[in-house]
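Data block below; observations after.
Numbering (the working numbering), first residue to last: 5 to 143.
Structure, rendered in structure tokens:
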């Protein structure tokens, strides 16, 4: 029942409540894995936006072209790092992996959040391989 309530709160955009319900599911062997995947999705994307659409913010109003003109903002970067670290810990928590395709998808999605070139290229290769290997990945 907690898993269903968590799903409901995801769709009503009450993500902190959803996290509470999914956290309760972590003790239930039947729902542990699915609940952890949902928690990771929330940690990676707490604003429920399309990944990769974060806008650059202009910090300097005088149009200088120095390296400080555009940034993500300290708070946004800090929150992304905390979300990534939490998601990484949750993924490591999985003892038994029944949903192997889902695990691979989530772990590759986690690579995308690092926004480093090597990780992005690796994630792209993995997603391409997944889509060619099994069409059901893209359902």
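Just so it is clear, CB atoms sit at the ideal spot from N, CA and C, and this is done for glycine as well.
Straight-line gap, residue i to residue j (C-alpha atoms, nearest Å)
i	j	result
residue 124	residue 115	7 Å
residue 10	residue 109	21 Å
residue 100	residue 37	8 Å
residue 30	residue 8	13 Å
residue 16	residue 22	9 Å
residue 128	residue 86	23 Å
residue 135	residue 111	15 Å
residue 97	residue 131	23 Å
Cβ neighbours of residue i in the same chain (closer than 8 Å, five flanking residues each side left out)
i	result
residue 88	47, 48, 114, 117 and 118
residue 13	19, 21, 22 and 25
Residue i beta carbon near the ligand SAH (any heavy atom closer than 7 Å)
i	result
residue 108	This structure lacks the ligand SAH; in fact it carries no ligand of any kind.
Nonlocal neighbours in the same chain, by C-beta distance under 6 Å from residue i, ignoring five residues either side
i	result
residue 107	101
Closest by C-alpha distance to residue i, when choosing among the options
i	options	result
residue 103	137, 34, 133 and 84	34
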